[in-house]
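Student: Quick one: this structure, given as structure tokens, is what I'll be asking you about.
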Amino acid sequence: MAPGPVLTAERLAVARAGRVLVDGFDLELHRGELVAVLGPNGVGKSSLLATLAGLLEPAAGRVRADGRVAAALQAPALARRSVRANVEVALGWWGVPRRERAARAAAALAALRADGLADRRADSLSGGEARRVHLARAVALRADVLLLDEPFAGLDPPTRAELLRDAAAILRDPARATLVVLHDRAEAWALADRLLVLLDGRVAAHGTPREVLERPPSPAVARFLGFTGTIREPLGVRCLRPAHVALDAAGAVRGTVAARIPEEDGVLCEVRLEDGVVQLRAPHPGPAEGDDVRLRIDGGVVFA
């Protein structure tokens with residue numbers, strides 16, 4: 000295989016109905032890596048993926064591919080036939096010889112633990128089963144570049160966690176580059192080697208998931224990544240995630256509980272301070288609204 004990127008985007012602009020959604024987008028995608036594009040709903044992630052796949056003309060810039068590109072869009076859109084037939088038909092469209100399709104389809108379904116569904120009609124599948132087959136169909140193509148749009152969308156938490164666990168191993172392939180569009184941070188942490196955060200139509204952060212989470216480059220990126228608390232300090236504003244704050248009777252910071260939201264494993268508390276507002280998680284039953292508390296703060300990131 001030739002060295003260098005297998006997919007390149009240069010100063011790419013993406014537009015829908017005359018409105019520019021993404022601008023100045025640059026990307027080099029290499030074999031063996033899994034890159035996630037993370038951003039809020041409506042930021043243009045799906046339109047960006049369609050442009051990278053060649054399904055939408057760029058408004059500016061260009062996309063170059065060194066190999067074949069396959070895209071799995073957000074809706075599974077399975078035909079009303081058997082699961083096996085859905086995968087084999089896709090292989091036929093891809094140009095795979097008829098004699099190879101059955102084995103390729105069976106291998107992909109087995110890899111996604113969907114081989115037990117092979118003889119089922121696609122219109123009888125649950126949402127999680129349909130997404131599993133949709134992903135197997137894309138993997139079966141053995142493309143040089145695989146583009147996935149929200150492959151875990153619309154699933155209940157247990158089904159999503161199970162599919163995410165299975166997909167994490169299958170999607171990383173030394174012969175293929177994979178780009179996946181997401182809006183859920185936990186999915187990006189579970190999957191990605193490299194992360195691009197898309198805000199307001201531009202790449203607002205780029206790096207490994209750990210680098211971006213620990214050193215967000217701006218308050219806007221920090222807020223998107225769950226830094227829900229802020230404290231004004233002499234050198235700027237400290238942004239904090241709930242994990243940076245804990246109840247501690249000996250803590251140096253005083254505050255008052257302004258709101259509390261019960262959660263499955265505890266309670267999320269919003270605490271007002273003299274110089275800001277923070278959130279923290281505490282075990283049940285946690286403090287009551289109006290309680291004065293002391294806090295220990297460890298971490299966060301300061302912006303001038």
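For the sequence shown, numbering that gives the first Met the number 0 gives the first residue as 0, with consecutive numbering after it. Even glycine gets a Cβ: it sits at the ideal position worked out from N, Cα and C.
(1) Roughly how many whole angstroms lie between the Cα atoms of Ala59 and Val13?
(2) So Leu20 and Gly43 are supposed to be a Cβ contact under 8 Å. How far apart are they, rounded?
(3) Secondary structure at Leu154, three-state DSSP: helix, strand or coil?
(4) With respect to the alpha helix (DSSP H) encompassing Phe223, which residues constitute its N-terminal and C-terminal limits?
(5) For the region 49-69 against the region 197-210, are there 3 or more C-beta pairs whose distance is under 8 Å?
(6) Run through DSSP, which three-state label would Glu273 get?
(7) Using DSSP bridges, identify the partner residues of Ser81.
(8) Taking Cβ positions, are Ser45 and Val196 nearer each other than 9 Å?
(9) Is DSSP giving Gly41 helix, strand or coil here?
(10) Would you mind reading off the limits of the beta strand (DSSP E) that contains Leu28?
(11) With C-beta atoms as the reference, is Asp143 less than 9 Å away from Val256?
(12) Would you identify the three-state DSSP class for Asp114, choosing helix, strand or coil?
(13) Counting C-beta neighbours from all protein chains within 10 Å, is the total for Leu234 16 or more, i.e. buried, or is it exposed?
(14) Measuring CB atoms only, is the region 60-79 touching the region 129-140, in the sense that at least three cross pairs come out at less than 8 Å?
(15) Determine, using beta carbons only, whether Ala152 and Glu32 come nearer to each other than 9 Å.
(16) When DSSP labels each residue in this structure, what does Asp291 get in the three-state scheme?
(17) Going by DSSP, what residues sit across from Val266 in a beta bridge?
(18) Please state if the CB of Leu108 and the CB of Val82 are separated by a distance shorter than 9 Å.
(19) List the endpoints of the continuous beta strand (DSSP E) containing Glu9.
(20) CA-CA distance, Asp291 and His283?
(21) Looking only at C-alpha atoms, which of His182, Glu161 and Glu288 sits nearest to Arg271?
(22) Starting from Gly60 and walking both ways along the beta strand (DSSP E), at which residues does that stretch end?
(23) So if DSSP puts Leu163 in a beta bridge, which residue, or which two residues, is it bridged to?
(24) Which residue wins for smallest C-alpha separation from Ala251, given the options Val236, Gly94, Asp297 and Leu279?
(25) Write down the C-beta distance between Asp25 and Ala8 rounded to the nearest angstrom, noting that I regard them as a contact closer than 8 Å.
(26) Using a 10 Å radius around the Cβ and a threshold of 16 neighbouring Cβ atoms, would you call Gly3 buried or exposed?
(27) Along the chain, where does the alpha helix (DSSP H) containing Leu190 start, and where does it finish?
(28) In the structure shown, what three-state DSSP assignment does Leu55 receive?
(29) How far does the alpha helix (DSSP H) with Glu210 in it extend, from its first residue to its last?
Tutor: Taking the geometry as given:
(1) 7 Å
(2) 3 Å
(3) Taken through DSSP and simplified to helix, strand or coil, Leu154 comes out as coil.
(4) Note, Phe223: alpha helix (DSSP H), Pro218 to Phe223.
(5) Contact fails: fewer than three Cβ-Cβ distances are below 8 Å.
(6) coil
(7) Arg120
(8) Here Ser45 is not near Val196, since their CB atoms are 9 Å or more apart.
(9) coil
(10) For Leu28, the enclosing beta strand (DSSP E) has its first and last residue at Arg18 to Leu28.
(11) no
(12) helix
(13) exposed
(14) yes
(15) no
(16) Correct three-state label for Asp291: strand.
(17) Pro261 and Ala281
(18) yes
(19) Counting along the chain, the beta strand (DSSP E) containing Glu9 begins and ends at Leu6 to Arg15.
(20) 17 Å
(21) Glu288
(22) Ala59 to Ala64
(23) Answer is none; Leu163 lacks a bridge partner.
(24) Asp297
(25) 6 Å
(26) exposed
(27) Arg184 to Leu190
(28) Three-state DSSP puts Leu55 in coil, outside helix and strand.
(29) Pro208 to Glu213
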